[in-house]
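>
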Amino acid sequence: MKISMNGTICDEKEAVVSVYDHGFLYGLGLFETFRTYRGQPFLLPEHLARLRDGCRELGIDFVPDERRVRELLSLLLQENDLPNAYFRYSISAGVEALGLPAGNYQLASEIIYIKALPPSDDAAYTNGKPLQLLKLPRNTPEGSSRLKSFHYMNNILAKRELQSYAWAAGSEGLMLSKEGHIAEGIVSNLFFFKNGTCCTPSLNTGILPGITRSFILKLAQRSQFAVKEGLYRWEDLLAADEIFYVNSIQEIVPVRQLFTPDGRSYQVGQGLPGDCTRSLMRLYKESTGSEL
Numbered sequence: 000m001k002i003s004m005n006g007t008i009c010d011e012k013e014a015v016v017s018v019y020d021h022g023f024l025y026g027l028g029l030f031e032t033f034r035t036y037r038g039q040p041f042l043l044p045e046h047l048a049r050l051r052d053g054c055r056e057l058g059i060d061f062v063p064d065e066r067r068v069r070e071l072l073s074l075l076l077q078e079n080d081l082p083n084a085y086f087r088y089s090i091s092a093g094v095e096a097l098g099l100p101a102g103n104y105q106l107a108s109e110i111i112y113i114k115a116l117p118p119s120d121d122a123a124y125t126n127g128k129p130l131q132l133l134k135l136p137r138n139t140p141e142g143s144s145r146l147k148s149f150h151y152m153n154n155i156l157a158k159r160e161l162q163s164y165a166w167a168a169g170s171e172g173l174m175l176s177k178e179g180h181i182a183e184g185i186v187s188n189l190f191f192f193k194n195g196t197c198c199t200p201s202l203n204t205g206i207l208p209g210i211t212r213s214f215i216l217k218l219a220q221r222s223q224f225a226v227k228e229g230l231y232r233w234e235d236l237l238a239a240d241e242i243f244y245v246n247s248i249q250e251i252v253p254v255r256q257l258f259t260p261d262g263r264s265y266q267v268g269q270g271l272p273g274d275c276t277r278s279l280m281r282l283y284k285e286s287t288g289s290e291l
């Protein structure tokens, strides 16, 4: 694949960073993942705003230029002969001396990765997917709020636990906070409906303020659903009428079944995507200009 390294299109095998890049040494870096529809990146301004704010908090002197990013994304689609794609836009702190920095990072590395979108799993949206409760808790944010940073060990360990459950093939993994509150999925934010109210864990649980999460909250409000962000427990999911999870690539994925670490299984609602979830799915598709 062809990727972009500091604005230059090159073969992925030619793209390198220094062993003294603090993204490599200390995990000082941020990234955004998003996809295109009809060649256009969805919610790009929101992704770049979150990246900009994160760079400011980490002392990385980098401000993304939306026009320039759009040009690079378009060029990457052309170079890789893809009509649409999955993108990861990464900013690494850059090269500095060994040791913790005294000032800001002024020579950040900018890398834009691209890959083909996975084949659409139509059955997942028609029938729903399982959600596996994990024993591993969600770690607390390193700063005042969670950044989409290179620090991904918690998610990787969660993925390894998920793969250890033979019955959980195709499931998303769900992490709780150390206090036992519902937090988020390994690669997703979680929502559920109860008596017509659209509920989602509060940012006070330490979850990522997801771009798709924020967009779904706006869609729910537009649909005249009552919306509530709060502190919820596993028992709230067991009593939910509908459950779904979201991210920028998979969009809205209904949940039909819940699993516990000891293999117990619980059906969600009627075992199929509910009316409220399907309504949001239609609105999301309309917003992206694609068809359900």
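No gaps in the numbering here: position 82 of the sequence shown is 81 in numbering that gives the first Met the number 0, and each next residue is one more. Heads up, the beta-carbon is just placed ideally off N, CA and C, and yes, glycines get one too.
Using alpha carbons as the reference points, say which of R67, Y88 and C275 lies closest to S195.
The residue you asked about is not Ser; residue 195 is Gly in the sequence shown. Nearest of R67, Y88 and C275 to G195, Cα basis: C275.
> Short check: CB of I185 to CB of K147, under 8 Å?
Going by C-beta atoms, I185 is not nearer than 8 Å to K147.
> Taking D274 as part of the beta strand (DSSP E), name the residues at either end of that continuous run.
Taken as a continuous stretch (DSSP letters only), D274 belongs to no beta strand (DSSP E), being part of the alpha helix (DSSP H) at D274 to T287.
> Count Cβ pairs between the region 123-137 and the region 242-256 that sit closer than 8 Å; are there 3 or more?
As far as the Cβ criterion goes, the region 123-137 touches the region 242-256, which means the pair count is three or higher.
> Got a sec, what are the start and stop residues for the beta strand (DSSP E) G53 sits in?
Here G53 belongs to no beta strand (DSSP E); instead the alpha helix (DSSP H) covers L43 to L57.
> Answer with yes or no whether the minimum CB distance from L146 to chain C is below 8 Å.
The question asks about chain C, but that chain is absent: this structure has only one protein chain.
> Check whether the region 216-223 touches the region 84-97, taking contact to mean three or more Cβ pairs, one atom from each stretch, closer than 8 Å.
No contact exists between the region 216-223 and the region 84-97.
> Return the CA-CA distance between E11 and S108, expressed in angstroms with no decimal places.
Computed Cα separation, rounded: 15 Å.
> Taking the alpha-carbon of F23 as reference, which of G98, G6 and N79 has the nearest alpha-carbon?
That would be G98, whose Cα lies nearest to the Cα of F23.
> V226 to E13, Cα distance in whole Å?
Using only the alpha carbons, I get a separation of about 48 Å.
> So what's S187 in DSSP terms, helix, strand or just coil?
Note: S187 maps to coil in three-state DSSP.
> Between G273 and the rest of its own chain, which residues show a CB-CB distance below 8 Å, the 5 nearest in sequence each way excluded?
Excluding positions up to five away in sequence, the list reads F192, D240, E241 and P253.
> Is R232 helix, strand or coil when you go by DSSP?
Note: R232 maps to coil in three-state DSSP.
> Which residue comes first and which comes last in the alpha helix (DSSP H) that contains S213?
Run containing S213: I210 to R221, per the alpha helix (DSSP H) assignment.
> Hey, L76 and A84 are a contact pair by Cβ (cut 8 Å); roughly how many whole angstroms apart?
Indeed they touch by this definition, with Cβ atoms about 6 Å apart.
> Taking Cβ to Cβ, would you say S187 is nearer than 8 Å to V245?
It is a contact, given that the beta carbons lie within the stated cut-off.
> List the DSSP bridge partners of G28.
DSSP, once it has assigned bridges, lists S91 as partnering G28.
> Leaving out five residues on either side along the sequence, give the residues of the same chain with a beta carbon under 8 Å from the beta carbon of Y36.
Correct list, in chain order: N83, T287, G288 and S289.
> Using a threshold of 8 Å, state whether the C-beta atoms of G142 and Y104 are closer than that.
No, the Cβ-Cβ distance between G142 and Y104 is not below 8 Å.
> Between S73 and V15, what straight-line distance do the alpha-carbon atoms span, to the nearest angstrom?
One C-alpha to the other measures close to 22 Å.
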